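Numbering (this note's numbering), first residue to last: 1 to 949.
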Amino acid sequence: MSTLLSSLGRWSFRHPWRVLVSWLLALGLAGAGALVLGAGTDNTFSIPGTESQAGLEQLNRSFPQVSGTSAQIVVVAADGDSIVDDPYRADIEDAVEQLADLDDSVLSATSPFDENVRGMVDDDETAAIIRLQFDGQSSDIGDQTKDDLRAVVADLSDELPSGSEIALGGDLFATSIPGVTLTEAVGLLIALLVLIVTFRSFVVAGLPLLTAVLGVGISMAGIFAATAFATVSSTTPLLALMLGLAVGIDYALFIMARHQDQVRAGTDPEESASRAVGTAGSAVVFAGVTVLIALIGLGFAGIPFLTTMGVAASVAVAIAVAIAVTLTPALLGFMKGRVVGRPRRVPKAKKGQATAAPRGGFSDRWVAGVTKRPILVSLAVVIGLGIVAVPSLSLNLALPNAGVLPKDSEARQSYDLVAEEFGAGFNGPLILTGTIVTSTDPLTLMQDLGDEVARIDGVKEVALATPNETADTGIVQIVPETAPDDPATAELVRELRAHHDEWLDEFGVDLKVTGFTAVGIDISDQLGHALLPFGVFVIGLSLILLTIVFRSLWVPVTAAAGYLLSIVAGFGVVGAVFAWGWFADALHVAKVGPIISFMPIILMGVLFGLAMDYQVFLVSRMREDYVHDPALRRAQGPGPEARADRRAAALRAVRSGFTGSAKVVTAAGLIMFAVFVAFVPEGDSSLKPIALGLAAGIAIDAFLVRMTLIPALMAILGERAWQIPAWLERILPSVDIEGEAVERERHLADWPGDDSVVAADDLTITDAGIHALHLRVPPRGSAVVTGSSAGALRVLALTLAGRITPDGGRLRVAGHLLPGRAAWVRAHVGAVIVSDAEGTASELTEALRGRPPLLVIDGVDRLARAERDQLAARLRDADPTLAVVLTALSPETALAVLEAAARPTPAPTLIAETPAYRRDPALLTSAAGGLDAKSGSRRDDDTTTEVNA
Numbered sequence: 001m002s003t004l005l006s007s008l009g010r011w012s013f014r015h016p017w018r019v020l021v022s023w024l025l026a027l028g029l030a031g032a033g034a035l036v037l038g039a040g041t042d043n044t045f046s047i048p049g050t051e052s053q054a055g056l057e058q059l060n061r062s063f064p065q066v067s068g069t070s071a072q073i074v075v076v077a078a079d080g081d082s083i084v085d086d087p088y089r090a091d092i093e094d095a096v097e098q099l100a101d102l103d104d105s106v107l108s109a110t111s112p113f114d115e116n117v118r119g120m121v122d123d124d125e126t127a128a129i130i131r132l133q134f135d136g137q138s139s140d141i142g143d144q145t146k147d148d149l150r151a152v153v154a155d156l157s158d159e160l161p162s163g164s165e166i167a168l169g170g171d172l173f174a175t176s177i178p179g180v181t182l183t184e185a186v187g188l189l190i191a192l193l194v195l196i197v198t199f200r201s202f203v204v205a206g207l208p209l210l211t212a213v214l215g216v217g218i219s220m221a222g223i224f225a226a227t228a229f230a231t232v233s234s235t236t237p238l239l240a241l242m243l244g245l246a247v248g249i250d251y252a253l254f255i256m257a258r259h260q261d262q263v264r265a266g267t268d269p270e271e272s273a274s275r276a277v278g279t280a281g282s283a284v285v286f287a288g289v290t291v292l293i294a295l296i297g298l299g300f301a302g303i304p305f306l307t308t309m310g311v312a313a314s315v316a317v318a319i320a321v322a323i324a325v326t327l328t329p330a331l332l333g334f335m336k337g338r339v340v341g342r343p344r345r346v347p348k349a350k351k352g353q354a355t356a357a358p359r360g361g362f363s364d365r366w367v368a369g370v371t372k373r374p375i376l377v378s379l380a381v382v383i384g385l386g387i388v389a390v391p392s393l394s395l396n397l398a399l400p401n402a403g404v405l406p407k408d409s410e411a412r413q414s415y416d417l418v419a420e421e422f423g424a425g426f427n428g429p430l431i432l433t434g435t436i437v438t439s440t441d442p443l444t445l446m447q448d449l450g451d452e453v454a455r456i457d458g459v460k461e462v463a464l465a466t467p468n469e470t471a472d473t474g475i476v477q478i479v480p481e482t483a484p485d486d487p488a489t490a491e492l493v494r495e496l497r498a499h500h501d502e503w504l505d506e507f508g509v510d511l512k513v514t515g516f517t518a519v520g521i522d523i524s525d526q527l528g529h530a531l532l533p534f535g536v537f538v539i540g541l542s543l544i545l546l547t548i549v550f551r552s553l554w555v556p557v558t559a560a561a562g563y564l565l566s567i568v569a570g571f572g573v574v575g576a577v578f579a580w581g582w583f584a585d586a587l588h589v590a591k592v593g594p595i596i597s598f599m600p601i602i603l604m605g606v607l608f609g610l611a612m613d614y615q616v617f618l619v620s621r622m623r624e625d626y627v628h629d630p631a632l633r634r635a636q637g638p639g640p641e642a643r644a645d646r647r648a649a650a651l652r653a654v655r656s657g658f659t660g661s662a663k664v665v666t667a668a669g670l671i672m673f674a675v676f677v678a679f680v681p682e683g684d685s686s687l688k689p690i691a692l693g694l695a696a697g698i699a700i701d702a703f704l705v706r707m708t709l710i711p712a713l714m715a716i717l718g719e720r721a722w723q724i725p726a727w728l729e730r731i732l733p734s735v736d737i738e739g740e741a742v743e744r745e746r747h748l749a750d751w752p753g754d755d756s757v758v759a760a761d762d763l764t765i766t767d768a769g770i771h772a773l774h775l776r777v778p779p780r781g782s783a784v785v786t787g788s789s790a791g792a793l794r795v796l797a798l799t800l801a802g803r804i805t806p807d808g809g810r811l812r813v814a815g816h817l818l819p820g821r822a823a824w825v826r827a828h829v830g831a832v833i834v835s836d837a838e839g840t841a842s843e844l845t846e847a848l849r850g851r852p853p854l855l856v857i858d859g860v861d862r863l864a865r866a867e868r869d870q871l872a873a874r875l876r877d878a879d880p881t882l883a884v885v886l887t888a889l890s891p892e893t894a895l896a897v898l899e900a901a902a903r904p905t906p907a908p909t910l911i912a913e914t915p916a917y918r919r920d921p922a923l924l925t926s927a928a929g930g931l932d933a934k935s936g937s938r939r940d941d942d943t944t945t946e947v948n949a
């Protein structure tokens, strides 16, 4: 992957206008799609398969008068007045008549004085509620209808006596549409300041912001365009905006920081951009993929709107990754060498010194202090974060309602007024519904059922118990004693459902508990049940991915443990603010209480990807320094001195690796914290706890876990941190996210020093028993390889064709170093494996398509004479620059084919296989393996080849 990204980075650097115009076109197309197709967001939450959703669907069919959204007008009489007396009664009745004729979307307007309803006038007769039922959900009601409704309420307010109060609210006004404020721009300003300090250049600092904003623009436009085909909540675009900005800035930062360091060291800008995208870009792609998997994993909850939210956010992250590895090097192509920034001030030498003594930076002093007392530091971090996590035990989950809106909003004022005059439960009534088609006296049946429900603890009153107009469906409207987001209301729902079988036997009605309050409770319950499997999925994924990346067992375990600490501590910060009320006023928290239900699962998913991002950038540098420590190569063996040397090398790697990556990780953590925390003070009430949790989680994970706890644990583990069982090493796939293949290509750029189409030195393929093989095939040249094992010859042929990864040595085919460029070799080198003589002709035609530089044919001696003659004729007519490698147990057959094709006939070469663990060549796959950097190169000037085995 790193070599592919390196090539992509080089191409983007060379063609910056093409890349920039392409992304601008993508922005234009997405924007046009949003304008033409955008249908607006929809905050209607549903959860298929639950009892409450099934009840709502039943009401939609048989009792539409109570299934849609609703609004309510609460009227409070002046002190000493009675709401049931005139002029209040007459004015309210007149308003009800106007509301009933408002437009076609109003199904009913119920007067509080209607003899068929109860509870619409409070016990003291000082307040009354007018209830309106609409056809459809809140998103279906137009702005004109809302304005007309407000006008009627304003007229009623003018008619009422002085000192009375009136407020408009209900489900229709309970949802706020979140927007972007200037506060979010403060986060970008802080990010810009951090980038200026990091890059020491105003121009360079602006580039990550430019790429992030462009990526967010494309993803936001795409999300709004998708509203024509999918239901998208109003929180979804803001979540995508928040994540897109954070990861977009950070991903560009990682690549540009690597590029700037390399250019400062004297690397050519084009080469530096290619290497930066191949190395840092590989880690960016890995980090982005982990975020994508975690976000798409939100589908574990089985809730459509949450799945849509995860997919939309993952699209924003994917676009951020794509822009980072393409547009970032393109912008660097515009900059050329002007990315160095202002040079750092060199300290003056003291008197009597030729040069100033090197002075360690803050990161050097920090990691030295952490690793000096690693056990103490580890205990302090773990205990400290454990204490921070305590408030998380007080968290309760619920869907947002009007009670969490700002206090100056009309819906919040109505909500508070109703709670004050009628009780908190009046804001979230529950509905029992069922089919009563078999009843001979539906009115009495529903009355008896309502009386039975009223006896249950937690029920304040039964406001309505009636059949519909066709007497086939009945409803019981229940007013709880507690608020809709109170845990006691959730317990009441469970208690009502526990009576299902009892009431089915007694009344013969299959009852369902539904209503918007019940739907919210079901969503919260399902999200709570999904947390454990989602947590297992995320942590299991982190263990697997990091084991593959670092070839270690302890590194994944420490990373997963750190992630758990970050998560619970992030929950603790949210709990301290939203449950305990700490700093609630300073952060403009409208109401202390339950938080939005999907905050925990979103926080777990997003923080997982970002935590793995920091883990990779920090620990990969430590691993690189450990592997290349000169003392490590001398510290082989089981003796105590060797173990001490290995441990010292591991400790040096922790310190040097931390110092080398601390600047970038610090900047990335500060930027993400600034972007997330900017959404807290003035953010939407639904997004506020998510933003706070992400900001706290990022700060805790980056600075306390990754930059404090992880170095301490790595120092405790020493060389054991990099150990892995041999059997596990063999079965793990090879994933290069550190750019090792790019660095290897740079190191071997001048090898083999000639124009050989095939060059191999010390090539080792363990499964085939091939060791230390040397091979040269020049352009237009030929090679015949023979041996005693057909399987070994086939493995060698597949290796030369890029199908199998060698275990050691050097191998370059058609100018491309393997295994890093195996994808190119597979696409451009022809290979024919003779197994069925009848299919060889078609395989040869396919192999010669596109004028390949090399043709590899295995098992020539298995061809019949007619097929060999045909092969010779095809080789004779092939491109004269084609190089050919033939394998055969009988070299005479292969030489005869070359002679008949008028191609050079080198001396037969023999592979002497050594006994080794072997598998059936048909089952061989590209096992993990790297090629070392041993020296050795030779090729004769003629067309013969020399093979030593």
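By construction, the Cβ of each residue, glycine as well, lies at the ideal position given by its N, Cα and C atoms. Keep in mind that this is a model prediction, so the values were computed, not measured.
*Proximity to T307 [Cα-Cα], best of T231, A280, L243*: The residue you call residue 307 lines up with position 307 of the sequence shown. Comparing Cα positions, the closest option is T231.
*Per-residue DSSP class, three states only, for A878*: By one-based count along the sequence shown, residue 878 stands at place 878. DSSP places A878 in coil when its eight states are reduced to three.
*Return yes when the Cβ of R623 is within less than 8 Å of the Cβ of W554, no when it is not.*
Within the sequence shown, numbered from 1, the residue matching residue 554 stands at position 554. Within the sequence shown, numbered from 1, the residue matching residue 623 stands at position 623. No, Cβ-Cβ distance for W554 and R623 is not below 8 Å.
*Going by CA-CA distance only, name the one from T371, R18, F362, D158 that's closest to R655.*
Working through the sequence shown from its first residue, we reach residue 655 at position 655. Checking every option, the nearest Cα to that of R655 belongs to T371.
*How big is the Cα-Cα spacing for S789 and A814?*
Translated into the one-based positions of the sequence shown, residue 789 becomes position 789. Translated into the one-based positions of the sequence shown, residue 814 becomes position 814. Approximately 27 Å, taken between the alpha carbons.
*asked:* Is it buried or exposed, I383, if we count other Cβ atoms within 10 angstroms and call 16 or more buried?
replied: In the sequence shown, the residue the question calls residue 383 occupies position 383. Classification of I383: exposed, given that the 10 Å Cβ count is below 16.
*Expected contact under 8 Å - CB spacing of S782 and V884 to nearest Å*: Translated into the one-based positions of the sequence shown, residue 782 becomes position 782. Translated into the one-based positions of the sequence shown, residue 884 becomes position 884. Yes, S782 and V884 are in contact; Cβ-Cβ is about 5 Å, under 8 Å.
*Does DSSP put A221 in a helix, a strand or coil?*
To locate residue 221, count along the sequence shown from 1; it is residue 221. Helix at A221.
*With which residues is Q137 paired in a DSSP beta bridge?*
Counted from its first residue, the sequence shown places residue 137 at position 137. According to DSSP, which records beta bridges pairwise, Q137 is partnered with nothing at all.
*Looking only at C-alpha atoms, which of A283, V106, V377, I166 sits nearest to D416?*
As a working note, residue 416 is residue 416 in the sequence shown. Measuring from the Cα of D416, the nearest candidate turns out to be I166.
*Output the boundary residues of the beta strand (DSSP E) element that contains L855.*
The sequence position of residue 855 within the sequence shown is 855, counting from 1. L855 -> beta strand (DSSP E) spans 854–858.
*Could you tell me which of T444, L607, A318, I724 sits nearest to T547, measuring between CA atoms?*
The residue labelled residue 547 in the question sits at position 547 within the sequence shown. The residue with the shortest Cα to Cα distance from T547 is I724.
*For L397, verify whether its CB is less than 7 Å away from any heavy atom of the ligand HEM.*
Here there are no bound small molecules, and the ligand HEM is not part of this structure.
*Quick one: using the 10 Å Cβ neighbour count with 16 as the cut-off for buried, is K966 buried or exposed?*
This structure cannot settle anything about residue 966, because the visible part of the chain is limited to 1 through 949.
*Give the DSSP-derived three-state secondary structure of H588 in the structure shown.*
The sequence position of residue 588 within the sequence shown is 588, counting from 1. It is coil, neither helix nor strand.
*Nearest residue (CA-CA) to L464, options S414, W824, D114*: Numbered from 1 along the sequence shown, position 464 holds the residue referred to as residue 464. Taking only the C-alpha atoms, the option nearest L464 is D114.
_Taking its Cβ as the centre, do 16 or more other Cβ atoms sit within 10 Å of N401, making it buried, or is it exposed?_
For the purposes of this step, residue 401 is taken as the residue at position 401 of the sequence shown. So N401 ends up on the buried side.
_Separation of G217 from A174, as counted between CA atoms_ = Numbered from 1 along the sequence shown, position 174 holds the residue referred to as residue 174. Numbered from 1 along the sequence shown, position 217 holds the residue referred to as residue 217. Cα to Cα, the separation comes out at about 29 Å.
*Which residue comes first and which comes last in the alpha helix (DSSP H) that contains L332?*
Taking the first residue of the sequence shown as 1, we reach residue 332 at position 332. That run of the alpha helix (DSSP H) goes 304–335.
*Can you check whether the CB of S233 is closer than 8 Å to the CB of D42?*
By 1-based counting over the sequence shown, the position of residue 42 is 42. By 1-based counting over the sequence shown, the position of residue 233 is 233. Remark: C-beta atoms of D42 and S233 approach each other more closely than 8 Å.
*My guess is that L811 and A894 are in contact by the Cβ rule of under 8 Å, so how many angstroms apart are they, rounded?*
As a first step, residue 811 is located in the sequence shown; it is residue number 811 there, counting from the start. As a first step, residue 894 is located in the sequence shown; it is residue number 894 there, counting from the start. Wrong, their Cβ atoms sit about 21 Å apart, outside the cutoff.
_Secondary structure of K407, DSSP reduced to three states_ = Stepping through the sequence shown from its first residue, residue 407 is reached at position 407. Reduced to three states, the DSSP call for K407 is coil.
*Is there contact between the region 554–565 and the region 710–720, where contact requires at least three CB pairs shorter than 8 Å?*
yes
*asked:* Tell me which residues share the same chain as T764 and place their Cβ nearer than 8 Å to its Cβ, disregarding the 5 neighbours each side in the sequence.
replied: As a position in the sequence shown, residue 764 is number 764, starting the count at 1. Excluding residues within five positions, the ones whose Cβ falls inside 8 Å are I770, H771, A772, L773, P806, D807, G808, G809.
*Assuming V74 contacts E461 under a Cβ cut-off of 8 Å, what Cβ separation, rounded to an integer in Å, is found between them?*
In the sequence shown, the residue the question calls residue 74 occupies position 74. In the sequence shown, the residue the question calls residue 461 occupies position 461. The Cβ separation is near 17 Å, so there is no contact.
*Can you give the Cα-Cα distance for G9 and V263, rounded to whole angstroms?*
Indexing the sequence shown from 1 puts residue 9 at position 9. Indexing the sequence shown from 1 puts residue 263 at position 263. When rounded, the distance between both Cα atoms is 15 Å.
*asked:* With the cut-off set at 8 Å, would you say T444 and G508 are in Cβ contact?
replied: Position 444 of the sequence shown, counted from the first residue, corresponds to residue 444. Position 508 of the sequence shown, counted from the first residue, corresponds to residue 508. In this structure, G508 does not lie closer than 8 Å to T444 by Cβ.
*How would you write the range of the beta strand (DSSP E) that L553 sits in, first residue to last?*
Against the sequence shown, residue 553 aligns to sequence position 553. In the DSSP assignment, L553 falls outside any beta strand (DSSP E) and carries neither an H nor an E.
*Count the CB pairs spanning the region 425–432 and the region 526–546 that are closer than 8 Å, and state whether there are at least three.*
no
*How long is the line joining the alpha carbons of E682 and T489, rounded to whole angstroms?*
Reading the sequence shown from its first residue, position 682 is the one you call residue 682. Reading the sequence shown from its first residue, position 489 is the one you call residue 489. Approximately 30 Å, taken between the alpha carbons.
*asked:* I believe M256 touches V204 by the beta-carbon criterion, under 8 Å. Please report the beta-carbon distance rounded to the nearest angstrom.
replied: Walking along the sequence shown from the start, residue 256 turns up at place 256. Walking along the sequence shown from the start, residue 204 turns up at place 204. Confirmed, Cβ separation roughly 7 Å.
*What are the start and end residues of the alpha helix (DSSP H) that includes I478?*
Sequence index remark: in the sequence shown, residue 478 carries index 478 (1-based). First-last for I478: 473–480, but that is the beta strand (DSSP E), not the alpha helix (DSSP H).
*Relative to the C-alpha of P533, which residue among G299, L504, G434 is closest?*
On the sequence shown, position 533 is the one that residue 533 refers to. Ranking G299, L504, G434 by Cα distance to P533 puts G299 first.
*Coarse secondary structure for E51, derived from DSSP in three states*: In the sequence shown, counting from the first residue as 1, residue 51 sits at position 51. E51: helix per DSSP, three-state reduction.
_E469, DSSP secondary structure in three states_ = The residue given as residue 469 occupies position 469 in the sequence shown. Note: E469 maps to coil in three-state DSSP.
*Could you check where the beta strand (DSSP E) with S782 kicks off and where it finishes?*
As a working mapping, residue 782 is identified with position 782 in the sequence shown. Unbroken beta strand (DSSP E) run through S782: 782–787.
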